[in-house]
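Notes follow once the structure below has been shown.
Protein chains: 2
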Amino acid sequence: MNITDYMQTTGRQARAASRAMARADTATRNRALLLIADAIVRDSALLRTANQLDLDAAKAAGLDPAMIDRLTLSEAAIATMVEGLRQIVALPDPVGEISNMKVRPSGIQVGQMRVPLGVIGIIYEARPNVTVDAAGLCIKSGNATILRGGSEAINCNRALAKIVAEGLSGAGLPAHGVQIIDTTDRAAVGALITMPEYVDVIVPRGGKGLIARLMAEATVPMIKHLDGICHVYIDAKADIEKAVPVAFNAKCHRYGTCNTMETLLVERSIAPAVLPRLAELYASRQVELRADPESFALLAGYPHLAAAAEEDWKTEYLAPILAVKVVGGIDEAMDHIAAYSSKHTESIITEDYSAAMRFLREVDSASVMVNASTRFADGFEYGLGAEIGISNDKLHARGPVGLEGLTSLKYVVFGHGEVRN
Amino acid sequence: MNITDYMQTTGRQARAASRAMARADTATRNRALLLIADAIVRDSALLRTANQLDLDAAKAAGLDPAMIDRLTLSEAAIATMVEGLRQIVALPDPVGEISNMKVRPSGIQVGQMRVPLGVIGIIYEARPNVTVDAAGLCIKSGNATILRGGSEAINCNRALAKIVAEGLSGAGLPAHGVQIIDTTDRAAVGALITMPEYVDVIVPRGGKGLIARLMAEATVPMIKHLDGICHVYIDAKADIEKAVPVAFNAKCHRYGTCNTMETLLVERSIAPAVLPRLAELYASRQVELRADPESFALLAGYPHLAAAAEEDWKTEYLAPILAVKVVGGIDEAMDHIAAYSSKHTESIITEDYSAAMRFLREVDSASVMVNASTRFADGFEYGLGAEIGISNDKLHARGPVGLEGLTSLKYVVFGHGEVRN
């Protein structure tokens with residue numbers, strides 16, 4: 001197979017299909033989603049057989065247990081996929097909504113209509129559930145999609161591609177509305193991210209290595225997430241009864257997520273009261289604390305204590321490790337955040353109105369919180385209904401990205417024969 | 001001067017200044033704008049002397065009259081600049097606005113706050129008025145700015161830079177909030193568009209050659225405008241009394257603007273009635289018509305008639321030339337537009353409700369109109385109050401870009417000590 005030709009053909013087909021996907025009405029797009037859900041239920045044995053081929057190959061290749069786990073399409077995983085599709089059907093249709101319609105002095109009426117982006121390329125790891133999840137969100141938002149899943153899931157993805165194409169055709173939508181790249185050749189990714197004539201945006205879902213590579217090579221714009229170095233700042237005027245559970249939850253609810261707190265900043269005057277109480281909770285989970293000299297002194301005797309190095313302020317641990325620093329107040333806290341944050345999520349714990357307002361306004365991160373755990377930075381918790389990813393970028397979409405992030409606004413003008421003078 | 005070092009320093013200074021620019025309140029940013037306006041009035045003789053140096057050099061270098069014209073800072077141009085700044089002061093402040101605040105089942109309240117993008121790089125031609133105009137919009141929207149104007153305007157831009165810095169300082173804002181690249185070395189542009197660590201977005205204002213070069217090299221995202229191949233489609237059910245003035249205005253109001261119609265599509269059954277009437281008007285302006293065979297026949301005897309070639313459908317004439325084609329109906333019109341439009345602005349002339357709704361929904365352009373001249377695709381006509389440019393991109397901002405396009409939305413969360421379960 002000539003990869004360049006194959007990808008050009010795939011792109012051309014996606015672009016052609018995107019017009020029919022965009023003009024399809026809500027009922028048609030929902031019907032396709034329900035047909036896909038039904039077909040997954042019907043073919044679940046077949047899907048598991050295909051998945052078994054992938055699993056056998058993965059085990060033979062010595063893949064690590066975490067990857068095998070993600071690759072596995074259990075009965076429960078299939079049920080979750082199907083339930084996810086049905087939830088997407090229930091979401092309101094973002095496409096076609098018109099807002100801000102205003103009459104202008106010239107007589108024209110101007111507003112903005114929400115429309116699909118066009119063709120979305122999704123690059124992800126060997127997780128077959130993402131194939132269905134991403135296809136579902138793109139169909140719902142009226143986009144055509146090109147999916148590139150991890151090569152270890154190729155058999156399962158092929159089987160899913162057949163089901164998705166069947167669902168699209170059954171609803172009268174073009175089968176090329178969702179295409180899965182049917183090659184494990186890595187050059188396909190290079191082609192996908194450099195054909196802006198056919199692809200409007202790339203959504204990479206994967207680790208830092210993948211994203212860094214894409215950033216260096218892509219000429220198609222990306223909605224991307226790099227890392228989450230999230231901070232909680234406990235202010236002088238914090239309510240300790242809020243500060244302690246929030247700072248515990250932000251670190252210990254889950255360690256491997258991007259919205260987990262990685263650095264705790266504590267104001268000097270409150271630190272002696274708050275740090276020992278937090279230390280008790282962290283000790284119950286064997287969290288290692290990497291402390292600056294001041295917090296180190298206050299934490300003396302903590303069983304998993306280490307001195308923080310400069311590198312700790314820049315590290316996304318994704319592990320039971322927390323950097324801790326005493327600061328002189330909100331300005332020093334915000335300076336630290338400006339210097340080291342990945343602009344993902346930061347939270348201030350305070351009862352001081354003006355401090356809360358300053359933090360909300362001045363901290364330049366995708367999510368800025370008062371008196372809440374950073375773990376809330378999530379599409380479902382925010383009420384988006386679904387999440388295609390979390391964006392660290394500033395243009396287009398910041399923070400959790402739902403269906404709206406897969407659309408844009410065009411201007412619409414209702415006239416009555418007006419001409420410009 | 002080492003350009004790399006100079007640009008790194010400029011970028012670092014802009015990033016540092018951006019925090020103070022973003023947190024400044026509305027009154028402070030407006031005060032800076034008014035101080036700049038006053039200083040321009042005070043120093044107008046000085047500015048004109050600096051401009052004369054540029055003009056002398058430009059004339060000695062043999063620049064064409066159109067460029068000399070754009071470079072000239074007349075008294076009227078100075079007055080317009082000052083008036084523009086005062087209009088920007090009067091615009092509502094987009095920064096800090098919170099929308100969509102919702103209470104979630106967890107107890108947190110989530111909404112979105114409009115915030116500055118950070119550092120904006122603007123690259124433009126030798127037009128000193130753009131220096132003030134762009135600086136004004138960036139100050140108003142709370143951004144730090146790096147301006148790179150055409151090298152022919154360097155003396156005038158230096159004088160303006162001094163005035164802008166004085167205005168910023170006078171209002172208590174960092175003088176580095178607006179920096180003008182003080183070198184004519186073209187390598188400075190290459191550096192500016194490849195330092196995403198310091199620059200959040202590039203807004204190029206210039207011809208296609210400039211944009212094409214930037215697109216090939218930039219790693220910083222751009223809000224850009226490539227070209228305007230705009231269409232008017234006169235439908236079978238058009239009101240001829242609207243169709244004729246709109247199609248005349250769309251072509252002849254101004255020839256050199258990006259929202260000027262370049263191709264006219266006319267439905268077959270109405271063409272014999274509408275084309276001769278339009279031809280009379282176009283003839284009065286010596287517009288050359290490049291016609292497909294069917295319209296060619298209907299236009300027989302028109303004094304400036306030529307047969308359209310394939311290339312004509314792809315050409316932005318920016319001149320008194322119009323491509324004309326007869327089509328079978330709305331589907332053929334939309335197919336032609338999908339194939340050849342630059343996705344800038346298209347308008348349908350029709351009294352048919354369903355045709356109007358289909359055109360609005362299905363045509364994938366930044367502005368889609370019914371019964372109005374394409375010339376309305378403009379920030380002022382749309383009521384944005386100001387315009388930094390027009391975007392052909394799909395992400396972030398489409399169509400005319402005003403102050404909002406220089407901002408983005410971050411999530412803000414008001415909590416009460418909530419933790420995630």
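Protein chains in written order, with full-length UniProt numbering: chain A, 1 to 421; chain B, 1 to 421.
The beta carbon of each residue, even a glycine, is placed where N, CA and C say it ideally should be.
If you measure beta-carbon to beta-carbon, which residues of the region 10–29 of chain B are closer than 8 Å to chain A?
-> R19, A22 and R23
Validate contact between the region 254–267 of chain A and the region 327–339 of chain A using beta carbons, cut 8 Å, 3 pairs | yes
Answer with yes or no whether the minimum CB distance from H253/B to chain A is below 7 Å.
-> Residue numbering aside, residue 253/B sits at position 253 when the second sequence is read from its first letter. So yes, H253/B belongs to the interface.
At a cut of 8 Å, does the region 235–248 of chain B reach the region 299–306 of chain B through at least three beta carbon pairs?
-> no
Per DSSP, what kind of secondary structure is V203/A in: helix, strand or coil?
-> Here residue 203/A is taken as the residue at index 203 of the first sequence, counted from 1. V203/A falls in the strand class under three-state DSSP.
Residues in the region 114–135 of chain A having any Cβ partner in chain B nearer than 8 Å = V115, L117 and G118
Count the other CB atoms, across all protein chains shown, that sit within 10 Å of the CB of Q286/A; report buried if there are 16 or more and exposed otherwise.
-> Taking the first residue of the first sequence as position 1, residue 286/A is located at position 286. Classification for Q286/A: exposed.
So what does K102/A bridge to, in DSSP terms?
-> Within the first sequence, the letter at position 102 stands for residue 102/A. Partner(s): V110/A.
Please decide whether F414/A counts as near chain B, where near means a Cβ-Cβ distance under 7 Å.
-> Taking the first sequence and counting its residues from 1, one reaches residue 414/A at position 414. With 7 Å as the cut-off, F414/A counts as an interface residue toward chain B.
Beta-bridge partners of I348/B, as assigned by DSSP = Numbered from its first residue, the second sequence carries residue 348/B at position 348. DSSP, once it has assigned bridges, lists Y233/B and V370/B as partnering I348/B.
Is there at least one Cβ from chain A nearer than 7 Å to residue 484/B's Cβ?
-> This structure leaves residue 484/B out entirely; chain B is present only between 1 and 421.
Among L71/A, A309/A, A66/A and A45/A, the one whose alpha carbon lies nearest that of A57/A | The residue you call residue 57/A lines up with position 57 of the first sequence. Comparing Cα-Cα distances from A57/A to each of L71/A, A309/A, A66/A and A45/A, the minimum goes to L71/A.
Since R290/B sits in a beta bridge, which residues does DSSP pair it with?
-> The count along the second sequence starts at 1 and reaches residue 290/B at position 290. For R290/B, which the question treats as bridged, DSSP gives the partners A306/B and A323/B.
H336/B by DSSP, collapsed to three states: which one?
-> On the second sequence, residue 336/B is found 336 positions in, with the first residue counted as 1. Three-state result, H336/B: helix.
Taking the alpha helix (DSSP H) that K162/B falls in, what are its first and last residues?
-> On the second sequence, residue 162/B is found 162 positions in, with the first residue counted as 1. Residues I154 to G170.
Of all the residues that make up the region 398–410 of chain A, which are near chain B by a beta-carbon distance shorter than 8 Å?
-> R398, G399, P400, S408, L409 and K410
Name the chain A residues that come within less than 7 Å of L395/B, Cβ to Cβ?
-> Here residue 395/B refers to the residue found at position 395 of the second sequence. Under the 7 Å cutoff, chain A gives V201, P221, L395, H396 and S408.
Return the first residue and the last residue of the alpha helix (DSSP H) that A175/A is part of.
-> Along the first sequence, read from residue 1 onward, the residue named residue 175/A stands at position 175. Element bounds for A175/A: n/a, residue is neither H nor E.
What three-state label does DSSP hand S74/B in the structure shown?
-> To locate residue 74/B, count along the second sequence from 1; it is residue 74. DSSP places S74/B in coil when its eight states are reduced to three.
Counted within 10 angstroms of its Cβ, other Cβ atoms place T184/B as buried (16 or more) or exposed | By one-based count along the second sequence, residue 184/B stands at place 184. Classification for T184/B: exposed.
Under 7 Å between beta-carbons, which chain A residues line up against N249/B? List them in chain order, please.
-> Against the second sequence, residue 249/B aligns to sequence position 249. The answer, in chain order, is V419 and R420.
T183/A - DSSP class collapsed to helix/strand/coil | Position 183 of the first sequence, counted from the start, is the residue given in the question as residue 183/A. DSSP places T183/A in coil when its eight states are reduced to three.
Is there contact between the region 205–212 of chain B and the region 366–384 of chain B, where contact requires at least three CB pairs shorter than 8 Å?
-> no
According to DSSP, is R213/B helix, strand or coil?
-> Here residue 213/B is taken as the residue at index 213 of the second sequence, counted from 1. Of the three classes helix, strand and coil, the one that applies to R213/B here is helix, per DSSP.
Which ranges would you report for the alpha helix (DSSP H) in the region 115–158 of chain B if only whole runs of at least 4 residues count?
-> 128–140
Exposed or buried, V353/B, counting other C-beta atoms within 10 Å across all chains shown (16 or more means buried)?
-> Here the question's residue 353/B lines up with position 353 in the second sequence. Strictly speaking, residue 353/B in this sequence is Tyr, with Val absent from that position. By the 10 Å Cβ count, Y353/B comes out exposed.
Give the secondary structure of L269/A by DSSP, where H, G and I count as helix, E and B as strand, and everything else as coil.
-> The count along the first sequence starts at 1 and reaches residue 269/A at position 269. The identity of residue 269/A in the sequence shown is Ser, whereas the question assumes Leu. Coil at S269/A, not helix or strand.
Skipping 5 residues on each side, what residues in its chain have a beta carbon closer than 7 Å to that of D235/B?
-> Stepping through the second sequence from its first residue, residue 235/B is reached at position 235. Here the set comprises E267, I330, I348, I349, T350, D352 and A355.
CB contact below 7 Å: V368/A versus chain B | Within the first sequence, residue 368/A is the residue found at index 368, counting from 1. It does; some Cβ of chain B falls within 7 Å.
Compare the C-beta of K242/A against all C-beta atoms of chain B and say whether one is closer than 7 Å.
-> For the purposes of this step, residue 242/A is taken as the residue at position 242 of the first sequence. Yes, because at least one Cβ of chain B sits closer than 7 Å to the Cβ of K242/A.
Starting from V220/B, trace the beta strand (DSSP E) both ways and give me its first and last residue.
-> Reading the second sequence from its first residue, position 220 is the one you call residue 220/B. Per DSSP, V220/B belongs to no beta strand (DSSP E) and is neither H nor E.
Pair within 7 Å by beta-carbon distance, I36/A and V119/A | Position 36 of the first sequence, counted from the first residue, corresponds to residue 36/A. Position 119 of the first sequence, counted from the first residue, corresponds to residue 119/A. Not in contact: I36/A and V119/A (Cβ atoms no closer than 7 Å).
Neighbour flag for R375/B against chain A, beta carbons, 7 Å | Start at 1 with the first residue of the second sequence, and residue 375/B comes out as number 375. Yes, because at least one Cβ of chain A sits closer than 7 Å to the Cβ of R375/B.
Unbroken alpha helix (DSSP H) runs of length 4 or more, entirely within the region 20–83 of chain B: which are they?
-> 26–42, 44–60 and 65–71
8 Å Cβ shell around A273/A - same chain, five flanking residues per side excluded | One-based indexing of the first sequence puts residue 273/A at position 273. Taken in chain order, the residues that qualify are I240.
Can you tell me the Cβ-Cβ gap for T131/A and G149/A, rounded? I've got them flagged as a contact below 8 Å.
-> Mapped onto the first sequence, residue 131/A falls at position 131. Mapped onto the first sequence, residue 149/A falls at position 149. Indeed, because the Cβ distance is near 6 Å, the residues count as touching under 8 Å.
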